[in-house]
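Counting with the working numbering, you get residues 33 to 175 for the letters of the sequence shown.
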Amino acid sequence: RELRMTKQEVREEYRQNEGSPEVKARIRRLRRELLRRRMMSEVPKASVVVVNPTHYAVALRYDRHSMAAPRVVAKGRNYLAQRIRQKALEHRVPVVENPPLARALYTQVEVGREIPVELYRAVAEVLAYVFRLMQSDGPVNRS
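Here's what the structure looks like:
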């Protein structure tokens, strides 16, 4: 009984071993912000941004010479989706409205990963449309 630690001692030992919850929360917040900045810097390099009018935006990059499949380079919901869309428009990246595809890509694919096989056909149709338009009259946004 005498060897038991008080609640305060347990709390202090936890902080020494695991770090302060406040510090860990700050580190997580900074890590999220760094990832968001890196992700936003990839939007201008995207081949297309697939959107659901306002809530979702997913930026895809595809180079048939160096990639096996299109890759998600950025994605966001609500405010972040609006920022992705705005950055795409500023850099003349085509924006295509396709709500079911935007939601599927957002929920199924992490940033930096290739799209799953189940979405190949839908993404291929969007990319074919974009590449055709770019060959005919330069970048265009379909939304």
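Quick reminder that beta carbons are idealized off the backbone N, C-alpha and C, glycines included.
Quick check on this structure: which residue in the options has the alpha carbon closest to the alpha carbon of residue i?
{"i": "residue 102", "options": "78, 121, 109 and 123", "result": "78"}
{"i": "residue 112", "options": "93, 136, 84 and 132", "result": "84"}
{"i": "residue 118", "options": "40, 72, 157 and 55", "result": "72"}
{"i": "residue 81", "options": "135, 34 and 63", "result": "135"}
{"i": "residue 139", "options": "52, 43 and 108", "result": "108"}
Over what stretch of residues does the beta strand (DSSP E) that includes residue i continue unbroken?
{"i": "residue 77", "result": "Segment: none, residue 77 is in no beta strand (DSSP E) and carries neither H nor E."}
Verify whether the separation of the beta carbon atoms of residue i and residue j is less than 9 angstroms.
{"i": "residue 151", "j": "residue 141", "result": "yes"}
{"i": "residue 105", "j": "residue 149", "result": "no"}
{"i": "residue 154", "j": "residue 116", "result": "no"}
Check residue i in the structure and name its three-state DSSP category.
{"i": "residue 141", "result": "coil"}
{"i": "residue 40", "result": "helix"}
{"i": "residue 34", "result": "coil"}
{"i": "residue 49", "result": "helix"}
{"i": "residue 175", "result": "Only weak support exists for where residue 175 lies, its pLDDT of 48 falling under 50; the coordinates are left without a value."}
{"i": "residue 88", "result": "strand"}
Let me check you understand the geometry: is the CB of residue i closer than 8 angstroms to at least one non-hydrogen atom of the ligand GDP?
{"i": "residue 110", "result": "Ligands are entirely absent from the displayed structure, and the ligand GDP is therefore not among its contents."}
Would you call residue i buried or exposed, if buried means 16 or more other Cβ atoms sit within 10 Å of its Cβ?
{"i": "residue 160", "result": "exposed"}
{"i": "residue 42", "result": "exposed"}
Within the continuous alpha helix (DSSP H) that includes residue i, where are the two ends?
{"i": "residue 120", "result": "110 to 122"}
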